[in-house]
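Chemist:
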Amino acid sequence: MKVGELTITELGQRLAFGGVDLHVGPIIVRLKTRIASLVENFATLYADYPIDTRTGLADIRVTIDRPKSLRRYLWPLSVFKLEGRQCFEPFALSKAFAMFEWGLNWSVMNDVHWMLNIHSAVVERNGFCAILPAPPGSGKSTLCAALVNRGWRLFSDEMALIQPIDGRIRPMPRPINLKNNAIELMRSYAPDAVFGPLFEYTQKGAVRHMRPPIDSVERMHETALPSWVIFPRYEKDSPPKLTHYSKAQTLIRLAQNAFNYSILRKVGFDTLATLMDRCDCYEFVYSNLDDAVETFNNLKPTEAAGAVSP
Amino acid sequence: MKDASFIPGRLLIDLLADPRKVAGVSLRDWDRLVPLARWVRLLGRLRAGAIDTGVYPDLDGHVRNILDSSWTVAQDQNALMAWEVSRVRDALRGMDVPIVLLKGAAYMLSGLPPARGRFASDLDIMVPIDRITEVEARMTEKGYSTFVHDPYDDHYYRRWMHELPPMVHRRRTTVIDVHHTILPRTTRINLDPRKLFERAVDIPGQGVKRLCDEDLILHSAAHLFCEGEFDLAIRDLCDMNDLFAHFADQKGFGGALLARAQELDLLGPLFYAQRYTHHFFATRHDTPAPQPSAWCVKLMDSLVHRAAIPARPNESTSARRLAAWGLFMRGHFIKMPLPLLAMHLTVKSWLRFTHFVQRLFEKKPQDA
């Protein structure tokens, strides 16, 4: 059953009592909440996601509710709890969904260590993944959003989850988190996409979530091998420039961008080393999204990632 | 649907007693078990049990992923702890002071069974009391400092406790407790820490020591039954149970343990350690410690049988909470003479109250 098959009342009831177990790629997230705005935003952005009814075992248990303290009568707030423990300062009640998204990233980062988790966007086409690691503000999410609206499959706009055992990447498609200028840009670039509400004045400025394409959600269990690591950088008025980048440097930058590289220790290093053997590494400067998508469409998969040479 | 009589704490104890049973746990039961086992830091331990008994490959892939995550974190923490031990050893080099590792670090570096999948939180070390000022000065010089800044808490540690206020290195995260004995200074138990140092043994290749075999068990027992912190009781009982089983093969160990308990004035804690490892894990003890008065034991039974069954705060029953509170008070009563205890609790409540009042008037949190 999908989230979108429930009426908003049914969904609200389930979220309030017992919670909803949601398949999000390789993990099951249990969300409990009584906050109406969160139910509504959740219904919009997670409409295509399957609800788990068979497994019964959640990986991450999130409760978001109004705090019990007296303060609730003065300022409407919402509190994020992971396994019953409060993890952050409360958010404004109206921004509960934004907190859910950040909190979920944080929870995966904290609790899921059977995969190497690198801070980066991942997209796939014809069975090959491109990993786009980049610091916040480099246009990673924007480029990722553009690509998935032009035929690439969304794995994640936030984390690359690599299985140490075979080096394959697990998709964890989630709503794409667009910030500030990227919001209007994407609205005109992908006019048919579904967007959540605009959250203004968050820590990261204005934030708006874009619903992932249904194909990406339906294929959330289909893994793929990585073929490219590309460090994107938006530069005003620049023509698209794709330049080869050293694998040694790439490995170090990925290690620095990984959430659990140091926790995984040798496994972390081995996984990255295998990744480097498979991938071609580039730096990519762009200003125009159509040009960028074209550059990506022209990428040739590596033989090490399984491409058959002509 | 949910079975009201299902108590995850009981299931966890069952699985610790017989790890082969993890293969038969349903996914729905795992769903209640995982948060609890994580809470009492025994999830890695469950995985170790499953590996040892060979049932790990039969587990559901989803369960294995969760166990593996926990295991990975435990392994990393152990590696960090081993590194910290080497840093402390180097910091104190040349002082000719014995460094005795306690609890988790000792189990790990000696390769003792409780170390498997154990979440070591803090690094506990012990040095002789007449050297502790020097040790603290040297550690401070080498970049360690305390993060206890409340003057009352600092005073509490130094004046009454068996350890310095916890320290941490400015560039690392492992918290270090530097002890000078294994029980608070104020305790009623008459234990001479010099005896612990006399029989401490070298950990090969590490340049540090650990307590002798008997004292490992006695320390764990004293910690659980004389300090009153019962949140992780099941973990402590599990540790002791592993140690009992591990040393049981040594000829005459039971007798030596009993004699040592007598020598250190820890017969009471040993009695309870034997009693409750038997109760929860069905461990047989051939040389039982002498029983304290019958009504004492009865009272303890009624408290421990409830309080030691692990539960997360939201799943705890009021009977369990009351029992845990009783044991907490008992622990404090053993820890401190009554007038001192009364003063300590009054000061603590007052500080908590003023803190609460301060928080009431705190300004609105940053709107995120």
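One line per chain: the protein sequences are X and Y, in this order.
The working numbering puts the last residue of the first sequence at 339; the count rises by one with no breaks.
The working numbering puts the last residue of the second sequence at 494; the count rises by one with no breaks.
In this text, a Cβ means the ideal position worked out from N, Cα and C, and glycines have one as well.
A quick note: this is a predicted structure, and the numbers were derived from the prediction, not measured.
(1) Below 9 Å between beta carbons: does that hold for Gly271/Y and Met252/Y?
(2) Can you tell me whether Lys124/X is buried or exposed, with buried defined as 16 or more other CB within 10 angstroms of its CB?
(3) Are the region 31-46 of chain X and the region 71-91 of chain X touching by the rule of at least three beta carbon pairs closer than 8 Å?
(4) Select from the region 156-174 of chain Y all residues with a C-beta closer than 9 Å to any C-beta belonging to chain X, and list them in chain order.
(5) So is Gly341/X in contact with chain Y if we call contact Cβ pairs under 9 Å?
(6) Using 8 Å as the cut-off, can you tell me whether the region 265-272 of chain X makes contact with the region 238-246 of chain X, which would need three or more C-beta pairs spanning the two stretches below that distance?
(7) Taking the C-alpha atoms as reference points, what is the distance between Arg336/Y and Arg386/Y?
(8) Pick from Phe260/X, Met201/X and Ile93/X: whose alpha carbon is nearest that of Leu106/X?
(9) Work out the CA separation of Pro183/Y and Arg149/X for me, nearest whole Å.
(10) Can you name the residues that DSSP bridges to Pro261/X?
(11) Is the Cβ-Cβ distance between Leu477/Y and Tyr283/Y less than 9 Å?
(12) Applying the 10 Å Cβ sphere with the 16-neighbour rule, what's the burial state of Tyr402/Y?
(13) Would you report the Cα separation of Phe224/X and Met265/Y, rounded to the nearest angstrom?
(14) Does Asp375/Y pass the burial test, meaning 16 or more other C-beta atoms within 10 Å, or should it be called exposed?
(15) If you count every other CB in all the chains shown that lies within 10 Å of the CB of Glu112/X, and 16 or more means buried, which is it?
(16) Counting pairs of Cβ atoms below 8 Å between the region 160-178 of chain Y and the region 194-204 of chain Y, do you hit three or more?
(17) Counting pairs of beta carbons, one from the region 446-458 of chain Y and one from the region 295-304 of chain Y, are three or more of them closer than 8 Å?
(18) Could you pull out every residue in the same chain whose Cβ sits closer than 6 Å to the Cβ of Val226/Y, ignoring the five residues on either side in sequence?
(19) Compute the Euclidean distance between the alpha carbons of Pro465/Y and Pro310/Y, then round it to the nearest angstrom.
(20) For Glu267/Y and Ile259/X, what's the separation of their Cα atoms in angstroms?
(21) Which one of Ala127/X, Glu264/X, Trp257/X and Pro193/X has the shortest CA to CA distance from Ser167/X?
(22) Run down chain X in chain order and give the residues with a C-beta less than 9 Å from the C-beta of Arg497/Y.
(23) Can you give me the Cβ contacts of Ile360/Y inside the same chain, cut-off strictly under 8 Å, excluding the 5 residues immediately before and after it?
(24) Hey, Thr300/X and Gly196/X are a contact pair by Cβ (cut 8 Å); roughly how many whole angstroms apart?
(25) For Ile329/Y versus Leu471/Y, is the C-beta distance shorter than 9 Å?
(26) Quick check: Met188/X and Phe288/X, are their CB atoms within less than 9 Å of each other?
(27) From this set, Met305/X, His52/X and Thr279/X, which residue's C-alpha is nearest Pro255/X's C-alpha?
(28) For Gln115/X, I'd like the list of residues in its chain whose CB is within less than 8 Å of its CB, leaving aside the five on either flank, ordered along the chain.
Modeler: Let's see:
(1) For the sequence presented, residue 271/Y should be read as Ser rather than Gly. It is not a contact, given that the beta carbons lie outside the stated cut-off.
(2) buried
(3) yes
(4) Trp156, Asp157, Val160, Pro161, Arg164 and Trp165
(5) Nothing can be reported for residue 341/X: it is not among the residues displayed for chain X, which extend from 30 to 339.
(6) no
(7) 16 Å
(8) Ile93/X
(9) Note that residue 149/X is Ser in the sequence shown here, rather than Arg. Taking the straight line joining both Cα atoms gives about 32 Å.
(10) Phe313/X
(11) no
(12) buried
(13) 56 Å
(14) exposed
(15) buried
(16) yes
(17) No contact exists between the region 446-458 of chain Y and the region 295-304 of chain Y.
(18) Met252, Ala326 and Lys335
(19) 16 Å
(20) A direct Cα-to-Cα measurement between Glu267/Y and Ile259/X gives close to 45 Å.
(21) Glu264/X
(22) Not covered by the structure: residue 497/Y. The range shown for chain Y is 127 to 494.
(23) Gly135, Leu138, Ile139, Leu142, Val166, Leu168, Phe406, Ala434, Ile435 and Pro436
(24) Right, their Cβ atoms sit about 7 Å apart.
(25) no
(26) yes
(27) Met305/X
(28) Val108 and Phe109
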